[in-house]
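All remarks here apply to the structure that follows.
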Amino acid sequence: MLIDGGHLRVQARKGGHKYVPDFIEKVAHACVHEQEILLRVLYYDCPPFNGDVKLPVSGKMSTFAGSDKWLNDLAAKDLFAIRKGVLKFRGFKPKKIPVAAAELKDEDFSPDFEQKGVDMRIGLDMANFAADRTVDRIILVTGDTDCVPAMKNCRIRGLQVILASMPDHRVAPELLWHADFERAVGWP
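Residue numbers (this note's numbering): 6 to 193.
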């Protein structure tokens with residue numbers, strides 16, 4: 006099973022759930038049917054950004070400091086392996102558009118972060134599973150259409166691809182076109 010952590014986090018928070026390792030573990034197990042054997046859960050995410058940045062209006066320095074302890078706690082769970090990407094700071098973006106005509110303050114902007122390397126790691130692991138034929142079926146939790154080439158590759162090589170969808174989330178048609186099954190999963 007492969008879980009795009011950024012996608013699952015957004016869906017869980019929309020559903021009003023606290024995003025912690027125990028919850029992630031329960032979701033992973035809810036995605037697997039009784040007759041299936043769970044080999045491993047590969048969880049892809051980024052540790053928080055840590056660094057100093059200049060605020061957009063005042064120019065003052067601000068420090069972002071976060072802990073990746075929760076990722077380490079998740080990695081310690083049975084059958085879990087963590088694949089870490091990098092969270093890049095891309096600047097600030099206005100909280101409201103159009104930008105107010107009044108004098109702007111730092112509080113009118115929010116930091117803009119971008120995950121790097123997560124999609125590539127998902128795709129590489131899917132390609133390795135397909136090439137080695139170590140599994141017959143992949144359960145994928147994602148909303149990212151960048152996974153389509155890897156999904157196609159798995160199916161061409163004879164693996165089944167199951168796309169797990171979370172409550173109240175409309176899956177991109179492109180993902181459904183390249184999955185063998187969509188599996189609706191309820192919140193634990």
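Backbone N, C-alpha and C define an ideal beta-carbon position, used for all residues, glycine too. As the structure is a computational prediction, the values presented were derived from the model and not from experiment.
Residue span of the alpha helix (DSSP H) that contains residue i, given as start and end
| i | result |
| --- | --- |
| residue 26 | 26–35 |
| residue 5 | Since the first residue of the chain shown is 6 and the last is 193, residue 5 is not available in this structure. |
| residue 76 | 74–80 |
Length of the line joining the Cα atoms of residue i and residue j
| i | j | result |
| --- | --- | --- |
| residue 115 | residue 147 | 25 Å |
| residue 98 | residue 117 | 6 Å |
| residue 187 | residue 179 | 12 Å |
| residue 78 | residue 111 | 34 Å |
| residue 15 | residue 85 | 20 Å |
| residue 38 | residue 17 | 20 Å |
| residue 156 | residue 107 | 49 Å |
| residue 21 | residue 149 | 21 Å |
| residue 52 | residue 74 | 9 Å |
| residue 176 | residue 170 | 7 Å |
| residue 26 | residue 76 | 8 Å |
| residue 47 | residue 164 | 17 Å |
| residue 129 | residue 135 | 10 Å |
| residue 71 | residue 140 | 36 Å |
| residue 132 | residue 192 | 29 Å |
Residues bridged to residue i [DSSP beta-bridge criterion]
| i | result |
| --- | --- |
| residue 116 | 97 |
| residue 88 | 49 |
| residue 146 | 8 |
| residue 56 | 69 |
| residue 165 | 142 |
| residue 63 | Its beta-bridge partners do not exist; DSSP assigns none. |
CA nearest to the CA of residue i, picked from the options
| i | options | result |
| --- | --- | --- |
| residue 184 | 129, 76, 160 | 160 |
| residue 95 | 83, 71, 113, 121 | 121 |
| residue 144 | 164, 168, 54 | 168 |
| residue 65 | 57, 171, 156 | 57 |
| residue 43 | 89, 33, 154 | 33 |
| residue 88 | 189, 28, 7 | 7 |
| residue 63 | 113, 55, 102, 23 | 113 |
| residue 100 | 35, 182, 109 | 109 |
| residue 40 | 142, 174, 173 | 142 |
| residue 152 | 23, 49, 19 | 49 |
| residue 69 | 126, 83, 93 | 93 |
| residue 173 | 19, 102, 55 | 19 |
Boundaries of the beta strand (DSSP E) in which residue i is found, first to last residue
| i | result |
| --- | --- |
| residue 66 | 66–69 |
| residue 160 | Premise fails: residue 160 lies in the alpha helix (DSSP H), 153–161, not in any beta strand (DSSP E). |
| residue 180 | Note, residue 180: premise wrong, no beta strand (DSSP E); alpha helix (DSSP H) at 178–182. |
| residue 188 | 186–189 |
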